[in-house]
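Residues -17 to -1, 1 to 218 (mature numbering (1 follows the signal peptide of the UniProt record, and there is no 0)) make up the sequence shown, in order.
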Amino acid sequence: MARVLIVGAGLTGSLCAALLRKEAPHPVHLAVWDEAGDSGGRMSTARSPYNPQSTVDLGAQYITCTSHYAKHHQSFYDDLLALGILKPLTAPIEGMVMKEGDCNFMAPQGISSIIKHYLKESGADVCFRHCVTQINLRNDKWEVSKETGLPEQFDIVVLTMPVPQILQLQGDIANCESQPAPSTSESGGPLMECEFTVSPLQSGVPLMGHEFTVRPGLCRPPQRVGFLSWSVSSL
Ligand SMILES: Cc1cc2nc3c(=O)[nH]c(=O)nc-3n(C[C@H](O)[C@H](O)[C@H](O)COP(=O)(O)OP(=O)(O)OC[C@H]3O[C@@H](n4cnc5c(N)ncnc54)[C@H](O)[C@@H]3O)c2cc1C
């Protein structure tokens, strides 16, 4: 069974994990590592130690669904609304500029509930306080090192952290160059649109982010690493 590591337990990593679980043509072992102590990334929710009902969203606080994204991604919104994870945001926000057809949503249980939902759906093995420092190619596998503990090997690695953090990684991965990717996935589908792709490693291993779709491409040559990034509004 292919071992897939997703680095980052924010929106991108969690949704990527959930989509892989749902759409991968073969069973895969999914692991998600994050350097933080909890999931959410820039969509984290803090809770009062005195009253867990009292929460504050530390990054994104609401999601705007534009008519463009509604066309492609409506099912994502519908699922989250049906589960009560999202609710329409009806309260006015001072200074907000709304375009025709835009809808705003908020998350009553905290914005990180979206990420927790996708991680749960994915069934991935989620590990916190796993800060990835190096990625090397060893015997046709990606050997991923973290700040503490032994390195582990994976067939596929997906990096979902922000680009500056990707550029700090050491090892063979540091020999990659990033370049803009096509703005839509090969399939033209709504699932994974990469903003960046990574050019081939010196060894010639293909590292095309935009090939990392949830379609059958996943289990072709195993040595892939991709970088995926969404803004929330492109959910
Ligand atoms: C203050 C603020 C307000 C915002 N408001 C809105 C809003 O109202 N609406 C909206 O749509 N968007 C908003 N955004 C943008 C939105 O939050 C982000 O686009 C989205 O959360 C990005 O998700 P991501 O998973 O791509 O990245 P991130 O959330 O950054 O996730 C990356 C994860 O990678 C982990 N990581 C990084 N380096 C390593 C490493 N070496 N090893 C292991 N793990 C690592 C990080 O801990 C993090 O959890 C806001 C952002 C901020 C900061």
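A virtual CB, placed ideally from N, CA and C, is assigned to each residue, including glycine.
Note that the coordinates shown come from a computational prediction; the quantities given were computed from them, not determined experimentally.
Extent of the continuous beta strand (DSSP E) to which residue i belongs
i: residue 126; result: 124 to 129
i: residue 12; result: 11 to 16
i: residue 117; result: 115 to 121
Cβ distance (whole Å) where residue i is taken to contact residue j below 8 Å
i: residue 88; j: residue 17; result: Not quite, the Cβ-Cβ distance comes to about 24 Å (not below 8 Å), so this is no contact.
i: residue 37; j: residue 30; result: 7 Å
i: residue 108; j: residue 13; result: 7 Å
i: residue 143; j: residue 20; result: Not quite, the Cβ-Cβ distance comes to about 18 Å (not below 8 Å), so this is no contact.
i: residue 152; j: residue 118; result: 6 Å
Cα-Cα separation between residue i and residue j, rounded to whole angstroms
i: residue 124; j: residue 28; result: 35 Å
i: residue 201; j: residue -12; result: Confidence is the limiting factor: at residue 201 the pLDDT is only 32, short of 50, which leaves the residue's position unreliable, though a coordinate-based value still follows. Each residue's alpha carbon lies about 13 Å from the other.
i: residue 150; j: residue -10; result: 15 Å
i: residue -1; j: residue 96; result: 15 Å
i: residue 195; j: residue 157; result: Low local confidence applies: a pLDDT of 35 at residue 195 is under 50, so the model's placement there is unreliable, with the coordinate-based value given in what follows. Roughly 19 Å separates the two Cα atoms.
i: residue 219; j: residue 127; result: Outside the displayed range of the chain (-17 to 218) lies residue 219, so it cannot be described from this structure.
i: residue 53; j: residue 47; result: 10 Å
i: residue 45; j: residue 24; result: 15 Å
i: residue 72; j: residue 83; result: 15 Å
i: residue 120; j: residue -14; result: 14 Å
i: residue 130; j: residue 9; result: 31 Å
i: residue 102; j: residue -3; result: 7 Å
i: residue 136; j: residue 61; result: 37 Å
i: residue 139; j: residue 51; result: 31 Å
i: residue 49; j: residue 122; result: 45 Å
i: residue 113; j: residue 77; result: 39 Å
i: residue 35; j: residue 15; result: 26 Å
i: residue 180; j: residue 33; result: At residue 180 the pLDDT is 34, less than 50, meaning the model places this residue with poor confidence and gives no usable figure here.
Alpha helix (DSSP H) segment containing residue i, residue limits
i: residue 137; result: Not the alpha helix (DSSP H): residue 137 falls in the beta strand (DSSP E), residues 135 to 137.
i: residue 149; result: 146 to 150
i: residue 65; result: 50 to 65
i: residue -9; result: Unbroken run through residue -9: none, as it is neither H nor E.
i: residue 263; result: The question about residue 263 has no answer here: the residues shown for the chain are numbered -17 through 218.
Contact test: residue i Cβ vs ligand 2 heavy atom, cutoff 7 Å
i: residue 17; result: In the structure on display, ligand 2 does not appear, and the ligands it does have are ligand 1.
Meets three-Cβ-pair contact criterion under 8 Å: the segment 38 to 46 and the segment 79 to 98: yes
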